[in-house]
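Reading through the structure tokens given below for one structure.
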Amino acid sequence: MSDNKFFLEELTYIVGNERSLNENVIGQIIGKYHKSRILITKVYQILNNNKSILPFIHDIEATIIDYIVREEMSYEKTYYGATLYVADLFETTPTYIKCKVNQSRKSLQKIS
């Protein structure tokens, strides 16, 4: 499970240092973390579109997972369906995804 955290931190580093996501970088990430090309590009786009707030995010894993779950729910998926989809993307369990979503939402409540 920590593999996801390191994967997300590496993509955050790439975005933070304004490196592009080319075929070579994608190939290295696939080889190192065994993540799908779809997940890599999806997370890169999310991070790149929100790079101004990256320094303020405490738990990047929980935040990205929550973001993708919310995005999937906007496509009229149920919470259960969205967590199953995200669990499949990250190759983990729906319970782990739900736990990360709860962590993210508790962090947001503390801020507001």
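In my numbering, the protein residues as written are 720 to 831.
Glycine included, every Cβ here is placed at the ideal spot set by N, Cα and C.
Keep in mind that this is a model prediction, so the values were computed, not measured.
{"Item": "If you count every other CB in all the chains shown that lies within 10 Å of the CB of S823, and 16 or more means buried, which is it?", "Value": "buried"}
{"Item": "Using a Cβ-Cβ cut-off of 7 angstroms (strictly less than) and excluding sequence neighbours within five positions of L727, which residues of its own chain qualify?", "Value": "V762, I779, E780, I783"}
{"Item": "Classify R824 as helix, strand or coil using the three-state DSSP reduction.", "Value": "helix"}
{"Item": "Can you tell me whether V762 is helix, strand or coil according to DSSP?", "Value": "helix"}
{"Item": "Taking all protein chains shown into account, decide if T731 is buried (16 or more other Cβ within 10 angstroms of its Cβ) or exposed.", "Value": "buried"}
{"Item": "Please state whether DSSP places I776 in a helix, a strand or coil.", "Value": "coil"}
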